[in-house]
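Visitor: Protein chains in written order, with our numbering: chain L, 1 to 343; chain B, 1 to 246; chain D, 1 to 255.
Please read through the structure below; I'll follow up with questions.
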Amino acid sequence: MRTRNQIGRRPIIAAGLGLGAAIGLGRYARAATPTEVRVGYFVETKPTMIAKSLDWFADAVKAKIIWREMSSGAEINTGIAAGGLDFGLAIGSSPVAAGIAQGLGYELIGMVDNIGPAEEMTVRTAANITKPSDFIGKKIATPFGSTSHFRLMGFLALNHLSQSQVTVLDLSAEQIVAAWKRGDIDAAYVWSPAKAEILADGGNVYETYKELDAAGYVIADLIVVSKSFARRYPDAVTGFLSAYGKALDLYVSDPDKAAAIVGKAAGVSTAVAKANLAEYDFVSLKDQLSAEWLGPPGQPGKFAEVLHGAAEFLVQQKSIRSAPDLAAFGKAINTTYLAKALG
Amino acid sequence: MLSVLLALGAWQAIVVAGFVPSALVPPPTAVWSAFVDILHNGYRDTTLAEDLGATLGRALAGFGLGTLFGVPFGLWMGIDRRAAAALGWIVQFMRPLPPLSFLVLLILWLGLGEASKIALLTMTAFPIAVSASQAAVRGVSVQWIAAARSLGATPRQVFCHVVLPASLPMIFTGLSIALAATFSTVVAAELLAADDGLGWMVLSASKFLRNDIIMVGIVLLGLTGMALSRLLMFLDGQVVHWRGRA
Amino acid sequence: MKSWRLWHFTAASATLLFALWAAISAFGLVNSLFLPGPGLFVSSFADLLLNGYKGYSLPEHVGISLLRVALGFGTGAVAGTLLGLGMGMAPVFDAFAAPFIEFLRPLPQLAYLVLLIVWFGIGETSKVVLLFLTALPVAAIAARDGVRNVPRERIQVARALGANPVQILLHVVFPSALPEIFIGARLAVGIVYATLIAAEIIAGSNGIGWLIFDAGRFLRSDYVFVGVLLIGLMGLGLDLALRTLERWIVHWAGR
Chain L
1 MRTRNQIGRR PIIAAGLGLG AAIGLGRYAR AATPTEVRVG YFVETKPTMI AKSLDWFADA
61 VKAKIIWREM SSGAEINTGI AAGGLDFGLA IGSSPVAAGI AQGLGYELIG MVDNIGPAEE
121 MTVRTAANIT KPSDFIGKKI ATPFGSTSHF RLMGFLALNH LSQSQVTVLD LSAEQIVAAW
181 KRGDIDAAYV WSPAKAEILA DGGNVYETYK ELDAAGYVIA DLIVVSKSFA RRYPDAVTGF
241 LSAYGKALDL YVSDPDKAAA IVGKAAGVST AVAKANLAEY DFVSLKDQLS AEWLGPPGQP
301 GKFAEVLHGA AEFLVQQKSI RSAPDLAAFG KAINTTYLAK ALG
Chain B
1 MLSVLLALGA WQAIVVAGFV PSALVPPPTA VWSAFVDILH NGYRDTTLAE DLGATLGRAL
61 AGFGLGTLFG VPFGLWMGID RRAAAALGWI VQFMRPLPPL SFLVLLILWL GLGEASKIAL
121 LTMTAFPIAV SASQAAVRGV SVQWIAAARS LGATPRQVFC HVVLPASLPM IFTGLSIALA
181 ATFSTVVAAE LLAADDGLGW MVLSASKFLR NDIIMVGIVL LGLTGMALSR LLMFLDGQVV
241 HWRGRA
Chain D
1 MKSWRLWHFT AASATLLFAL WAAISAFGLV NSLFLPGPGL FVSSFADLLL NGYKGYSLPE
61 HVGISLLRVA LGFGTGAVAG TLLGLGMGMA PVFDAFAAPF IEFLRPLPQL AYLVLLIVWF
121 GIGETSKVVL LFLTALPVAA IAARDGVRNV PRERIQVARA LGANPVQILL HVVFPSALPE
181 IFIGARLAVG IVYATLIAAE IIAGSNGIGW LIFDAGRFLR SDYVFVGVLL IGLMGLGLDL
241 ALRTLERWIV HWAGR
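Rendered as structure tokens:
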């Protein structure tokens with residue numbers, strides 16, 4: 001409880017250093033338009049990259065955007081806790097569950113995608129793994145702390161495989177490819193391009209996502225905003241979401257054009273971008289407001305339970321100290337901006 | 001030079017002969033063409049010069065600050081045993097700490113910008129500079145100090161004309177170690193929230209499995225580190241021209 | 001002031017630092033995510049001692065790390081010293097090997113981590129090799145400089161007395177260079193420790209470096225602080241051991 005009470009307070013050191021910026025921002029506070037917006041993002045093949053590279057985000061928030069490339073959701077959490085980021089774009093649901101549980105001062109305002117089969121178990125064809133018990137004695141790699149890690153642990157729990165029967169290794173996505181090529185690992189739970197790379201190199205998909213989604217191990221990529229920013233600049237938050245909505249519309253209406261833009265922004269070919277985009281289920285803004293996902297304003301949807309479950313799992317893993325009750329996760333979901341963005 | 005050429009030849013031969021998959025370890029020829037490409041087109045919105053400059057700037061700023069604070073601090077601890085007793089343990093404790101262990105804490109305290117990166121590098125250089133300066137002062141011959149004193153030198157004169165010149169060679173040796181340690185931490189500094197720098201380039205290329213670019217980065221990082229060490233050695237020769245004659 | 005002994009200063013500064021820490025946390029000046037207070041620190045430490053961290057007990061984490069450091073540092077220091085002695089004795093060999101040593105010394109370990117996985121896999125080998133490659137150039141440069149600083153007269157005298165090159169190396173050069181070799185070894189220990197996290201990031205699931213890295217990912221600063229304290233203490237301990245060994249051996253070498 002103590003931790004949560006202290007969250008609103010800015011650490012003195014950060015406050016001292018941020019003083020200059022705060023004075024600068026203060027002058028514009030009345031206009032309710034920020035001078036600059038700091039966004040933590042990933043370079044990836046998603047419609048978010050359309051809105052980024054065509055400056056739709058900047059136009060919608062009416063400010064300069066400082067894009068900060070991140071390498072994990074945990075890093076976005078650190079950035080927001082340090083007061084160095086306003087938005088986290090397409091951050092995974094596991095880190096968001098951890099962040100809410102730890103009382104980081106941000107709220108969940110929208111989704112990018114339901115990850116579904118985009119992150120999935122890849123097994124070495126030669127290892128002949130066809131049922132859960134085949135994993136006994138095998139080595140599975142995944143980036144710890146990620147949504148893939150969460151899914152993998154869920155898979156092991158659902159199938160009563162203990163960590164003494166299966167070796168779970170902490171490797172980053174690129175390390176997984178290196179270890180796979182050497183033949184050091186039998187399976188990996190990861191996303192593309194690493195997933196595509198090992199699939200093409202003697203791997204095949206071992207489908208787990210349907211079973212896991214049904215059991216509540218849903219994973220998604222989300223949009224979060226720091227509470228202090230949202231309070232000061234609510235219009236910018238709405239604008240940010242509508243810019244993403246516009247990008248999603250483009251992807252739905254013209255996937256080829258979208259893939260070309262995304263590919264260029266992420267540094268991959270249009271064909272690769274198109275294939276990657278097709279792996280994800282990009283939930284429309286309207287569907288995000290349904291009870292199935294985030295729910296309408298004031299009535300948190302099913303996703304609050306997903307976050308709560310993920311947080312409790314992280315407590316079991318000793319990754320976070322404690323998790324609050326379900327209501328706290330419902331409170332951390334704020335879809336008023338989303339509703340406004342839909343007009 | 002000959003050895004370097006031989007090594008390059010061996011590297012190419014090993015990859016071409018197929019001992020290691022060329023997808024994972026690109027041959028020198030592939031690395032060269034990646035280098036030429038980055039040189040002309042830059043890497044992801046940054047030019048090679050910008051990346052090199054960012055990394056050099058961070059390394060030099062961290063090393064400079066660590067030296068600026070560390071050397072006087074170490075000299076003081078070398079002269080004043082009470083200061084050494086009060087503060088020495090903190091420095092000795094800091095020395096073996098992995099920079100990655102306080103990276104997250106520095107970001108929490110100082111934010112995502114340059115401050116946390118430079119602080120990380122400063123904290124790497126600082127304890128080494130302190131230890132070397134302190135040890136250098138302790139190593140100054142007691143007879144010299146006594147002789148200077150008996151000739152009527154004030155404490156200030158003893159420090160400026162005896163202690164400092166006599167300890168400079170060892171301080172420079174310490175600084176060359178501090179520089180190498182700082183530079184080898186520069187990738188860690190660019191691990192989180194960076195959008196330029198050679199370390200960032202290597203880390204970002206590894207996310208996209210661009211092993212040719214990784215190798216370009218490694219070679220450039222090694223050469224840059226080497227050049228910095230050489231520069232310091234040159235300065236050492238200019239400043240401490242009395243090295244080895246005392 | 002006269003009655004103050006040196007250790008009083010140590011005790012005073014330690015007390016002051018602790019009081020500052022306790023005060024900051026007691027007044028809630030800093031969020032406990034950023035700086036865990038002494039109470040939380042002690043309870044988290046006790047928790048780690050009693051329940052371990054993610055499948056390994058705390059002594060296991062410490063022991064595994066010590067073993068990796070000992071192996072990486074041990075092999076790196078021995079190989080580096082031999083290499084450095086050779087470089088110091090034979091200028092031709094120095095010209096051949098120096099570019100690689102100078103290239104390797106400031107090279108950031110994180111940059112070539114993936115390559116080590118490619119070459120040595122995800123097991124213990126790549127972790128130990130990383131530490132080996134970190135210790136090697138430091139030890140080599142120290143040994144080379146040690147040999148270069150051996151007074152030429154001593155070697156000439158030994159030669160005049162009819163000693164062969166092996167005898168000169170064993171009985172003149174090596175003993176004279178020992179103090180510098182030890183300085184290099186102590187430096188190498190510090191730098192090897194500082195590289196421990198980078199090594200244990202590779203497919204980690206144990207070791208104190210991995211513990212710090214894993215806990216840092218979730219902003220568990222309490223565990224990070226415990227790990228940092230342990231690494232600091234381990235570093236101090238190994239440094240002390242080396243200094244004792246140095247006093248003993250350098251004495252034996254007749255200096």
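Virtual Cβ for every residue (Gly too), placed ideally from N, Cα, C.
What you are looking at is a predicted structure, and each value in this text was computed from that prediction instead of being measured.
Using the C-alpha atoms, what's the distance from Asn334/L back to Arg231/L?
Guide: Distance between the alpha carbons of Arg231/L and Asn334/L is about 12 Å.
Visitor: Going by C-alpha to C-alpha distance, which of Gly103/L, Glu119/L, Thr238/L sits closest to Leu285/L?
Guide: Ranking the options by Cα distance to Leu285/L, first place goes to Thr238/L.
Visitor: How many Å lie between Met87/D and Leu178/D at the Cα?
Guide: Taking the straight line from one Cα to the other gives about 15 Å.
Visitor: Grab the span of the beta strand (DSSP E) containing Ile65/L for me, first residue to last.
Guide: Ile65/L -> beta strand (DSSP E) spans 64-69.
Visitor: I'd like the list of long-range same chain contacts for Thr147/L, defined as Cβ closer than 7 Å, with 5 residues on each side in sequence excluded.
Guide: Here the set comprises Gly92, Ser93, Ser94, Ile115, Glu119, Ile219.
Visitor: Could you tell me whether any Cβ in chain L is nearer than 8 Å to the Cβ of Arg144/D?
Guide: Cβ-Cβ to chain L under 8 Å: no for Arg144/D.
Visitor: For a cutoff of 8 Å on Cβ pairs, would you count Glu102/D as touching chain B?
Guide: So, interface residue.
Visitor: If Ala304/L and Gly330/L are in contact, beta carbons under 8 Å, what's the gap, nearest whole angstrom?
Guide: Right, the Cβ-Cβ distance comes to about 4 Å (below 8 Å), so this counts as a contact.
Visitor: Do Gly53/B and Ala111/D have their CB atoms nearer than 8 Å?
Guide: Against a cut-off of 8 Å, the Cβ pair of Ala111/D and Gly53/B comes out as no contact.
Visitor: Where does Val240/B sit, in a helix, a strand or coil, going by DSSP?
Guide: Note: Val240/B maps to coil in three-state DSSP.
Visitor: Looking at C-beta atoms only, is the number of pairs between the segment 48-57 of chain L and the segment 237-255 of chain L that lie closer than 8 Å three or more?
Guide: Because the criterion of three Cβ pairs below 8 Å is met, the segment 48-57 of chain L and the segment 237-255 of chain L touch.
Visitor: Would you list, in chain order, the members of the segment 177-205 of chain D that have their beta-carbon closer than 9 Å to a beta-carbon of chain L?
Guide: From the segment 177-205 of chain D, only Ile201, Ile202, Ala203, Gly204, Ser205 have a Cβ closer than 9 Å to chain L.
Visitor: Considering only residues of the same chain and omitting the five flanking positions on each side of Thr336/L, which have a CB-CB separation below 7 Å?
Guide: Only Pro297 meet the Cβ criterion.
Visitor: What are the residues in the segment 317-334 of chain L lying within 8 Å of chain D by C-beta distance?
Guide: Taking 8 Å as the Cβ-Cβ cut-off against chain D, the residues of the segment 317-334 of chain L that qualify are Gln317, Lys318, Ser319, Ile320, Arg321.
Visitor: On the CB-based measure, 16 or more other CB atoms within 10 Å of its CB, does Asn211/B come out buried or exposed?
Guide: It counts as buried.
Visitor: By the 10 Å Cβ neighbour count, where 16 or more other Cβ atoms means buried, how is Ile296/B classified, buried or exposed?
Guide: Coverage of chain B is limited to positions 1 through 246, which leaves residue 296/B absent and any answer about it impossible.
Visitor: Look up Glu107/L in the DSSP assignment and say whether it is helix, strand or coil.
Guide: In this structure, Glu107/L counts as strand in the three-state DSSP scheme.
Visitor: DSSP beta-bridge partners for Leu222/L?
Guide: Note: Leu222/L sits in a beta bridge opposite Ile91/L, Met111/L.
Visitor: For chain L, is any of its Cβ atoms less than 8 Å away from the one on Asp239/D?
Guide: Judged by the 8 Å Cβ criterion, Asp239/D is not in contact with chain L.
Visitor: For Gly207/D, which of Ile141/D, Gly52/D, Ala97/D has the nearest alpha-carbon?
Guide: Comparing Cα positions, the closest option is Gly52/D.
Visitor: Going along the segment 175-190 of chain L in order, which residues come within less than 9 Å of chain B, judged by CB to CB distance?
Guide: Listed by position, the residues of the segment 175-190 of chain L near chain B (Cβ gap below 9 Å) are Gln175, Val177, Ala178, Lys181, Arg182.
Visitor: Let me check understanding here. Comparing Cα to Cα, which of Leu187/D, Ile155/D, Ala188/D lies closest to Pro175/D?
Guide: Closest by alpha carbon: Ile155/D.
Visitor: Could you check the C-alpha separation between Ser221/D and Phe213/D for me, to the nearest Å?
Guide: If you take the alpha carbons of Ser221/D and Phe213/D, they lie about 11 Å apart.
Visitor: Which whole-angstrom value describes the C-beta separation of Val250/D and Phe182/D, a residue pair presumed to lie in contact below a C-beta threshold of 8 Å?
Guide: Confirmed, about 7 Å.
Visitor: Can you confirm whether the segment 163-171 of chain B touches the segment 116-136 of chain B when touching is taken to mean that 3 or more C-beta pairs between the two stretches lie within less than 8 Å?
Guide: Because the criterion of three Cβ pairs below 8 Å is met, the segment 116-136 of chain B and the segment 163-171 of chain B touch.
Visitor: Beta carbons nearer than 8 Å to chain A: which residues of the segment 189-215 of chain L have them?
Guide: Absent from the structure: chain A. Protein chains present are L, B and D.
Visitor: Beta-carbon of Met226/B versus every beta-carbon of chain D: anything under 8 Å?
Guide: Cβ-Cβ to chain D under 8 Å: yes for Met226/B.
Visitor: Terminal residues of the continuous alpha helix (DSSP H) containing Asn51/D?
Guide: Unbroken alpha helix (DSSP H) run through Asn51/D: 38-51.
Visitor: Comparing C-alpha positions only, which one of Val306/L, Ala101/L, Ser253/L, Ser71/L sits nearest to Asp213/L?
Guide: Nearest of Val306/L, Ala101/L, Ser253/L, Ser71/L to Asp213/L, Cα basis: Val306/L.
Visitor: Please classify Ile333/L: does DSSP put it in a helix, a strand, or coil?
Guide: Looking at Ile333/L - three-state DSSP - the assignment turns out to be strand.
Visitor: Whole angstroms are fine: how far does the CA of Asp236/B sit from the CA of Phe159/B?
Guide: Cα to Cα, the separation comes out at about 20 Å.
Visitor: Leaving out five residues before and five after Ala14/L in sequence, what residues of the same chain have Cβ atoms less than 8 Å from its Cβ?
Guide: Interpretation of Ala14/L is limited by its pLDDT of 47, a score under 50 that renders its predicted location unreliable; the figure taken from the coordinates is listed afterwards. Correct list, in chain order: Ala82, Gly83.
Visitor: Under 8 Å between C-beta atoms, does Thr185/B make it to chain D?
Guide: Interface residue, yes.
Visitor: Going by the DSSP bridge assignment, what does Met121/L pair with across the sheet?
Guide: BP columns for Met121/L point to Tyr189/L, Tyr206/L.
Visitor: For Ala181/B, which residues from the same chain have a beta carbon less than 8 Å from its beta carbon, with the 5 sequence-adjacent residues on both sides left out?
Guide: Excluding sequence neighbours, Ala181/B sits near Thr124, Ala125, Ile128.
Visitor: Taking the C-alpha atoms as reference points, what is the distance between Leu238/D and Pro165/D?
Guide: Rounded to whole angstroms, Leu238/D to Pro165/D spans 34 Å at the Cα level.
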